[in-house]
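There are 2 protein chains.
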Amino acid sequence: MANYFSSKFKLGILGGGQLGKMLLYNTRKFDIYTCVLEISNDAPCKIASDEFHLGDLMNYDAVYNFGKQVDILTIEIENVNVDALETLEKEGIKVYPSSKTLRTIQNKAKQKLFYVDKGLPTAPFSRFAYTSEIKDAINHGGITLPFVWKCAQFGYDGTGVKIVKSITDLEGLPNVECITENLVPFKNELAVIVARNPSGETKTYPVVEMEFHPEANQVEYVICPARINDTIAEKAKDIALRTSKAFNHVGLLAVEMFQTQDDTILINEVAPRPHNSGHQTIEASYTSQFEQHIRAILDLPLGRTDSKVGGVMVNLVGAEGHTGHVVYKNIEAIMKMDGVTPHIYGKKQTRPFRKMGHVTIVNEDLNEARKVAEQVKKTIKVISE
Amino acid sequence: MANYFSSKFKLGILGGGQLGKMLLYNTRKFDIYTCVLEISNDAPCKIASDEFHLGDLMNYDAVYNFGKQVDILTIEIENVNVDALETLEKEGIKVYPSSKTLRTIQNKAKQKLFYVDKGLPTAPFSRFAYTSEIKDAINHGGITLPFVWKCAQFGYDGTGVKIVKSITDLEGLPNVECITENLVPFKNELAVIVARNPSGETKTYPVVEMEFHPEANQVEYVICPARINDTIAEKAKDIALRTSKAFNHVGLLAVEMFQTQDDTILINEVAPRPHNSGHQTIEASYTSQFEQHIRAILDLPLGRTDSKVGGVMVNLVGAEGHTGHVVYKNIEAIMKMDGVTPHIYGKKQTRPFRKMGHVTIVNEDLNEARKVAEQVKKTIKVISE
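So the sequences go chain by chain: A and B. Position one of the first sequence corresponds to residue 4 (the working numbering), numbered consecutively onward. Position one of the second sequence corresponds to residue 4 (the working numbering), numbered consecutively onward.
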């Protein structure tokens, strides 16, 4: 049996941002030796990792040479060089998620085709080699307005996605490979995180509900458990589980879904790593998503995924009109409220809508947690000096 | 209002061991800049602190020069140079716990006299400048066998304490300042952790129960909440709170107590920092003792101290007959059990009874947690390669 604890074993993490930072709480807890590859010398993982390597995650040589030094390699961000990962896999390094999974997920068109191929429900879509082809498709009746435009490669957290209501909305969009998706009216946006280890053991977390900010296309509240009925919850968990198995996935898979007006569940997209919707697990769950990801990729038994208490998370994003060295105004006031824990990611500079941290509110009573979360949102302001 | 988060503020920690390591999870969570002073270059806090300084904590200059560089200074171990702390306080550095408190606590005789002085209940005792004086005291009827002998300065976790049943038991004890305490028959060993901030806000944690290993004088199970009636619990919490206030304490104070056969509560000793009995708070409480200590010393509002779930902690100590590079045998098997999280401190070498880590078991049902904890103890073995 492989010995990971206090041993010569090396875990590699591609990416040194806040997700990696939270993974490191757990590698430190287990005394697992960690190497991090990251482009920025200021990144959160610079301290708390055993080795911090500078390099471009999209560069073949950087990723390959880094990966050769570790026993198991994982990611905290999808934008990594997949060819290098494929070579590493052939050379015997364990890479989770696999290069095959990443190749599929990195490209939204491939991702959608994968769901269709595997019989997983998702909104109807069309694929285009170039945005410019869309105008023709509309004019010939191939697709109808309105729809959601998404670039195929490298969108993140709201960018690279646009709701197109008229042809003029296409102006200014990059002329790249993209998809257009039917705009499906939905009741709720949900997410389920599934953990799976190489032995095939799986565990799903309770369904979470995500309330979105209309303009910035960022989550406002993540609520766990989602306030939906059990039938819907089971449906969502089942689809998420099937998705994880379809990918033959190892590690965490966060599956974002829509609950449509007629209670159909459709997959929106997935993230093969710890996810924003899972941050509340740190305080609310028996096993935090970060500890779970470590357990999964090391083929350790998965931890219990029940919630101990209700959890609501709000993101801390830079306030509009503020750019400069960050100040967390009224943070002491929110720390007075029951069950409130802020997480400050460590970025020194704020700008409008920049993700600077999050706050989790836990309570035995989820409604109480939700009320306190509103107070938190009204109170704390992420501004500049 | 002072701004600690993502700012120029510096928190200093004297000591870089596993308590400091767990404090650092929370300074990282809050993006608070930390400096650690520690004698060993291998210490756990070497990574995860912003600055790691090597130096002897008992050396005046080392502690003084280190303390001058920070805004607030705290400890994770009592064995530090108190004269340096006193100078730093006079020069405007905030030191928590205060030098006055540490001076009292560092010397067991002073500590006992403090309790008597403040009307806090503790077992009757006698104080001796030298162990050699005890024999005369016994012969002249000044004290009676059996009693507990404790050296006054620098005992830790079972050493410097001996139960003396006959005069021959005194042989081999160091000839130092010491106390002898009446051996009071007790039902339970309890502990309460009290948090107090400079503004005077206080919060007490639920009472924990400590089951001890007969020979090694180390805790076997820490159970929270203690399985005692509410009247006893309130008494214990009240005494702990009064003790914290008597010290005008800032930060955490762990108050260890006995519940005697006639339900009197007597203070055994205190620790002015996070404590082994509080490790279960990481998973079981609304606010971990480590986050709480940070809140307290920064004069932030204290966090909720209720338990979310029942918690039992077992220490991971080196097995007898094993010395060398550590192997955590069967750790995968315990990680299969519900609600189990191991914490591996990071010491590479094991030896008999060395504290190598702990395991916390949480469950809505405390009895279930206790059963699983027994399984954990039977299963995991801390051995050498």
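Even for Gly, the Cβ is constructed at its ideal location relative to N, Cα and C.
If you measure from the beta carbon of residue 8 (chain A) to each beta carbon in chain B, is any gap under 8 Å?
yes
Strictly by DSSP, which residues pair up with residue 205 (chain B)?
B:199
Quick one: what's got a C-beta closer than 6 Å to residue 55 (chain A)'s C-beta in the same chain, skipping five residues either side?
39, 49
Using CA coordinates, which residue listed in B:27, B:380, B:359, B:142 is at the minimum distance from residue 387 (chain B)?
B:359
Using 10 angstroms around the beta-carbon of residue 215 (chain A), count the other beta-carbons present and answer buried if the total reaches 16, otherwise exposed.
exposed
Find the residues of chain A that neighbour residue 224 (chain B), judging by a C-beta separation of less than 8 Å, and give them in chain order.
By Cβ distance, chain A contributes nothing, its closest Cβ being about 20 Å from residue 224 (chain B), past 8 Å.
Against chain B, which members of the stretch 338–352 of chain A pass a CB distance test of less than 9 Å?
338, 339, 340, 341, 342, 343, 344, 345, 346, 347, 348, 349, 350, 351
Per DSSP, residue 282 (chain B) is paired with what?
Answer by DSSP bridge pairing: none, since residue 282 (chain B) is not bridged.
Rounding to the nearest angstrom, what Cα-Cα distance links residue 179 (chain B) and residue 91 (chain B) in this structure?
Answer to the nearest angstrom: the Cα atoms are 30 Å apart.
Does the beta-carbon of residue 147 (chain B) have 16 or more other beta-carbons within 10 angstroms, so that it is buried, or is it exposed?
That one is exposed.
Who are the neighbours of residue 24 (chain B) on chain A, taking C-beta pairs under 8 Å?
31
If you run the structure through DSSP and keep just helix, strand and coil, what is residue 118 (chain A)?
helix
Can you give the Cα-Cα distance for residue 236 (chain B) and residue 197 (chain B), rounded to whole angstroms?
14 Å
Distance check for residue 8 (chain A) and residue 321 (chain B), CA to CA, integer angstroms please.
15 Å
Do residue 308 (chain B) and residue 208 (chain B) have their CB atoms nearer than 8 Å?
yes
What are the partner residues of residue 166 (chain B), as DSSP defines its beta bridges?
B:151
Please compile the residues from chain E whose C-beta is within a distance smaller than 8 Å of the C-beta of residue 132 (chain A).
Included in the structure are the protein chains A and B, with no chain E among them.
The alpha helix (DSSP H) that contains residue 248 (chain B), what's its start and end?
233–249
Just tell me which of A:327, A:340, A:346 has its CA closest to the CA of residue 353 (chain A).
Checked all of A:327, A:340, A:346; the closest Cα to residue 353 (chain A) is A:327.
On the DSSP bridge list, what partners appear for residue 257 (chain A)?
A:196, A:274
Hey, residue 212 (chain A) and residue 191 (chain A) are a contact pair by Cβ (cut 8 Å); roughly how many whole angstroms apart?
6 Å
Can you tell me whether residue 340 (chain A) sits near the ligand GDP, meaning its C-beta is under 7 Å from at least one heavy atom of the ligand?
This structure lacks the ligand GDP, and indeed carries no ligand of any kind.
Is residue 155 (chain A) closer than 8 Å to residue 84 (chain A) when the C-beta atoms are compared?
In this structure, residue 155 (chain A) does not lie closer than 8 Å to residue 84 (chain A) by Cβ.
If you count every other CB in all the chains shown that lies within 10 Å of the CB of residue 290 (chain A), and 16 or more means buried, which is it?
By the neighbour-count criterion, in which 16 or more other beta carbons inside 10 Å mark a residue as buried, residue 290 (chain A) falls on the buried side.
Give me the Cα-Cα distance between residue 165 (chain B) and residue 128 (chain B), rounded to the nearest whole angstrom.
Rounded to whole angstroms, residue 165 (chain B) to residue 128 (chain B) spans 14 Å at the Cα level.
Could you check whether the Cβ of residue 398 (chain A) sits closer than 8 Å to any Cβ belonging to chain B?
Coverage of chain A is limited to positions 4 through 388, which leaves residue 398 (chain A) absent and any answer about it impossible.
Which of the residues in the stretch 132–153 of chain A, read from start to end, lie with their CB under 8 Å from any CB of chain B?
So nothing in the stretch comes that close.
Looking at the C-beta of residue 100 (chain A), does it have a partner C-beta in chain B at a distance below 8 Å?
Chain B has no Cβ within less than 8 Å of the Cβ of residue 100 (chain A).
In three-state terms, what does DSSP make of residue 449 (chain A)?
This structure cannot settle anything about residue 449 (chain A), because the visible part of chain A is limited to 4 through 388.
Do you know offhand how far residue 82 (chain A)'s Cα is from residue 130 (chain A)'s?
21 Å
Looking at C-beta atoms only, is the number of pairs between the stretch 64–78 of chain A and the stretch 5–25 of chain A that lie closer than 8 Å three or more?
The stretch 5–25 of chain A and the stretch 64–78 of chain A touch, with three or more beta-carbon pairs separated by less than 8 Å.
Taking its Cβ as the centre, do 16 or more other Cβ atoms sit within 10 Å of residue 367 (chain B), making it buried, or is it exposed?
Around the beta carbon of residue 367 (chain B), fewer than 16 other beta carbons sit within 10 angstroms, so the residue counts as exposed.
Nearest to residue 70 (chain A) by CA position, among A:314, A:317, A:342, A:99, is which residue?
A:99
Would you kindly report the start and end of the unbroken beta strand (DSSP E) that includes residue 75 (chain B)?
75–78
Taking 8 Å as the CB-CB limit, is residue 208 (chain B) close to chain A?
Taking a beta-carbon distance threshold of 8 Å, residue 208 (chain B) does not count as an interface residue toward chain A.
Residue 379 (chain B) and residue 343 (chain B) look like a contact to me (Cβ under 8 Å); what is the Cβ gap, rounded to whole Å?
6 Å
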